[in-house]
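Residue numbers (our numbering): 1313 to 1542.
Some notes on the structure that comes next.
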Amino acid sequence: MLQKTRGIALSYIRYRETSIISRVYTEDFGLQSYIVNGVRSAKSKSNRIALFQPLTLLDMVVYYKADRELHRLSEVKISHPFQSLPFEVTKSTIALFVTEMLNKVLKEEAGSPTLFQFLVNAVLFLEEARTNYENFHLSFLLKLSFFLGFGPESAREFENQLREHSVPFLPDETTEKALNSILRHPIGTPVELSRAARNELLDALVAYYHVHIDSLGEVKSLPVLREVLG
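Have a look at this one:
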């Protein structure tokens, strides 16, 4: 049955000679996989594969059946064309990391409009921001953790949970204050962190996700993000 929904492209893999299978987090159906035919064909005149680049915001008409693992698209278009996110090194590095984390932690196959809107708002902030996005990845992970069911209420709770799992994290007063500020304020709120403190908090956040998600595995984009943003 044909259904309209919004989606956020997460990743894709090659399928057969000219097609792909794209993973998309949808507003109405949660995480879904779609077969997209012909996008890698030399005869294809349109650059449709660009629709499925990480974090692309989509308007979709899909063939949906609850008992299927693979679905098909009837119509798809970009709802908000990017002007900066794929082209600026800092932003594209953040997007790479965010996409990898989302691919690892989004498991449910049921829609969550609240989570979906949070993700859309976060992507649009990163796309449109000209300043105050150097801590975006930290704020994003902290706020996402609440949707996943393990968000800490304070810096002290965050530290205690890590300590209980033998993860060393002993922030100084400035870093603890910054962590509390990130927890309490919207993404993009200015927070002063040194390069070293930002790296320390990033590593602690990834460790925090490992504590709560056994299947997280290696985060391959982490070293690049640490180098670029620090």
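All residues carry an ideal CB built from backbone N, CA and C; glycine is no exception.
Please read these numbers as outputs of a predicted model, since none were measured by experiment.
Put simply, the backbone Cα of V1351 is about 26 angstroms away from that of L1418. The way I'd put it, the segment 1461 to 1475 doesn't touch the segment 1404 to 1424; fewer than three beta-carbon pairs between them come closer than 8 angstroms.
The DSSP-derived three-state label of V1523 is helix. Shown here, K1455 sits in a helix according to DSSP, grouped into three states.
Residue state for V1351 is assigned as coil, using DSSP reduced to three classes.
In this structure, the straight-line span from the alpha carbon of L1453 to that of S1396 is close to 22 angstroms. Listed in chain order, the alpha helix (DSSP H) runs fully inside the segment 1441 to 1508 are 1448 to 1460, 1467 to 1476, 1485 to 1496, counting runs of at least 4 residues. Taking a cut-off of 8 angstroms on C-beta distances, the segment 1315 to 1330 touches the segment 1366 to 1373, as three or more cross pairs fall below it. With 16 or more other Cβ atoms from the protein chains shown falling within 10 Å of its own Cβ, L1537 counts as buried. Bounds of the beta strand (DSSP E) holding T1317 are 1314 to 1327. In the three-state reduction of the DSSP assignment, S1404 falls in the helix class, which pools H, G and I. Looking from the CA of S1404, the closest CA among H1449, F1462, S1527 belongs to H1449. Secondary structure at L1382: strand, using DSSP grouped into helix, strand and coil. Scanning its chain for C-beta atoms nearer than 7 angstroms, with the 5 sequence neighbours on each side dropped, one finds around Q1344 the residues V1336, T1338, H1383, in chain order. Burial is judged here by how many other beta carbons sit within 10 angstroms of a residue's own beta carbon; R1442 has fewer than 16 and is exposed.
Counting of Cβ neighbours within 10 angstroms places L1482 among the exposed residues, the total staying below 16. The beta-bridge partner set that DSSP reports for I1333 consists of I1325, I1347.
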